Structures are given as C-alpha cells and as structure tokens.
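For the record, in the sequence shown the residue sitting at position 33 is 33 according to full-length UniProt numbering, with numbers rising by one throughout.
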Amino acid sequence: MTVVYLFRYCIFQILVVTCCLSSFIRALKPQPYRKSNNVCPNGDLNDLDSSPTNRRRFFAETSGVIMVASVFAYPHHGFAFDNGLPGRYANREPAVGTIPDYLGAAERTSISGTTYQGLAPCDGRPNCYCSSTPFRDSPARYIEPWGGPENSIANIQNVIDTYQVGQQGIDGGGYHIVTCNKEQQYLYVQFQSYKYGYIDDVEFWYNPSKQAFDVRSASRLGQSDLGVNAKRLEYIGGRLEKEFGWKLKRRKNGFGMTQ
C-alpha cells in the first residue's frame, strides 16, 4: 500500500511540474500583437489650437490629466493590463511604484539656467532616456529627437497599438495608453514587466521648435533596467523606420545601438 501511495504521489508531482513548466514556457514566448483597447480621439485632452497661449495651457493641464487617468490605468493585484501575458507576477504584489508628478510637456530649466519646453529630464539613474534635455546636461541619457516624413503621432500610435508584448523578453505584463492627444501630438504609455510588475513611463511629444518628436522612456523603481528601455525604444523606433520611413539616429549611449 505504501509503495502504491508513493508511486501515485510521484506521478502527481510530475504532472504538476510538467503543467507549470508548460505554462511558464508559453508565457515567456513573444505573443502575436496583443492589441490594447486604447483609443486616441482627436483632441482627447482639449480641443486646443497651436497658438502659444493654448500650448502653455496644454503644458499646465497635461500633468493633472495624466495623474487622474493613471489611477484608472493601474493594474490591480492578480492581473496585468488587458493585453499582458498569462501568469504574470501570479504570487506577488506587482511593484508598480508611484506615478511621477512631472510627466507631460512643460517648461523645464537646464543646468545652465536656461528654460526650454519639453519632457522631464532623467534623474541620473541608468534606467531612463530622454531627448528633451540638452545633451550637455545628461550625455549618457540623451537620445536624438525622432522624426519621419509625416511627423505624425498617428504613426507612433499605430506601432503602440500593435506592440508585441513580450518581445525580446520585456513588457510581458502588457501596456496601456494613458493619455493621447492628436491635436498636440502627445502620447503617454505605461509598460509593465512580466515577473515583478514594474511600471515604465514612456512619452512622445511633437516639439514644434525641433520639428521632431521628443521621446522619454524611464523606469520608476531601481537603478539598472537591464536594457529594458533601450530594447523598447529600439523596437518602436525600428518599426517606425521600417513601416513609416522615419529616420532615427542611434548612438552607443542612446538606446543601445551603435551607428
């Protein structure tokens, strides 16, 4: 009887381990495009024109709108965004962190004291890239602005809408477009890691003074991002080049690629 019991117990354990491994391996594989239920109506934030006054109003209002929208965008314990891979952080509380209060396009001050309009600068940690900050302020975190034949936020949204969750082993927790404004050409997306549920904040904003898009991708927690932000930017930028004819300049300390 004891031998039979042990035999059955061993068989049961083997079946459990086999099922768990099978689910884990499937979850790690990049999935076909898992489109998010995101929309980007024209003038989502405000029906603003491009006058300086309305641009300033947009800068002032963007951060507040992002803060409110993000409350509803946060994934809750036990599940990721609606396009995340199955089995993500199943046995732990996702480490989403706190949404930064400096997101959005706004007036910034450089180290030299000059002001400029743009996305928030990186804080010095090696888990952020930004094209708004002057190069001399943060050489290692700086990337060139992005531009294409149309310079349209619609191109970027098309790539985000069909983003391959789990590509290169990143962003398995899914993603969600939090704020989208076609009028002001601004897009804010949250991406989530598979294992621990970390949230990264990614922004695109058309900068009229540069006639190109400022880009920012940053992790909220930790120091090193193990190359996650670089891989994400390379994926998005590569598709913009391939599908829409954009031209991106790469550098070793940009988003992980040599020229």
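For glycine and all other residues, C-beta sits at the position ideal for the given N, C-alpha and C. Please read all numbers here as calculations on a predicted model, not as lab measurements.
Asked: Leu119 (DSSP reduced to helix, strand or coil); Found: coil
Asked: For Glu107, the three-state DSSP class (helix, strand or coil); Found: strand
Asked: Supposed close pair Tyr129, Arg239 - CB separation, criterion 8 Å; Found: Not a contact, Cβ separation roughly 17 Å.
Asked: Euclidean distance between Cα positions of Ile199 and Pro86; Found: 17 Å
Asked: Pro126 versus Asp225: straight-line alpha-carbon distance, rounded; Found: 7 Å
Asked: Neighbourhood of Gly237 by C-beta, 6 Å cutoff - its chain only, sequence neighbours within 5 removed; Found: Leu248
Asked: Cβ neighbours of Ser138 in the same chain (closer than 8 Å, five flanking residues each side left out); Found: Pro121, Cys122, Gly124, Cys130
Asked: Through-space distance from Ser219 to Gly169, alpha-carbon basis; Found: 16 Å
Asked: 8 Å Cβ cutoff met for Asp201 and Pro100; Found: yes
Asked: Pairwise C-alpha distance: Asp214 and Gly197; Found: 26 Å
Asked: Of the residues Val96, Gly84, Thr179, Glu107, the one placed nearest Asn207, counting alpha carbons only; Found: Glu107
Asked: Val202 - partner residues in DSSP beta bridges; Found: Val189, Ser217
Asked: Distance CB(Arg232)-CB(Asp161) smaller than 8 Å; Found: no
Asked: Where Glu150 falls, given that 16 or more other Cβ within 10 Å makes a residue buried; Found: exposed
Asked: Member of Arg141, Leu187, Gly174 whose CA lies at the smallest distance from the CA of Asn158; Found: Leu187
Asked: Tyr175 versus Gly113: straight-line alpha-carbon distance, rounded; Found: 36 Å
Asked: Among Ala212, Gln164, Tyr194, the one whose alpha carbon lies nearest that of Gly234; Found: Before going on, a small fix: residue 234 reads as Glu here, not Gly. Ranking the options by Cα distance to Glu234, first place goes to Gln164.
Asked: Gly169 in three-state terms, based on DSSP; Found: helix
Asked: According to DSSP, residues forming a beta bridge with Ile153; Found: BP columns for Ile153 are empty, so no partner.
Asked: Among Val96, Pro134, Ala230, Arg250, the one whose alpha carbon lies nearest that of Thr109; Found: Pro134
Asked: Backbone CA spacing between Cys180 and Leu119 [nearest angstrom]; Found: 15 Å
Asked: Buried or exposed (CB count within 10 angstroms, at least 16 for buried), Ser193; Found: buried
Asked: Residue burial classification, Glu203 (beta-carbon count within 10 angstroms, cutoff 16); Found: buried
Asked: Among Phe244, Thr98, Glu243, Glu144, the one whose alpha carbon lies nearest that of Lys210; Found: Glu144
Asked: Limits of the alpha helix (DSSP H) - the one that Gly237 falls within; Found: 228 to 244
Asked: Of the listed residues Val228, Ala230, Trp246, Phe191, nearest to Gly97 (C-alpha basis); Found: Phe191
Asked: Three-state secondary structure (DSSP) of Ala95; Found: coil
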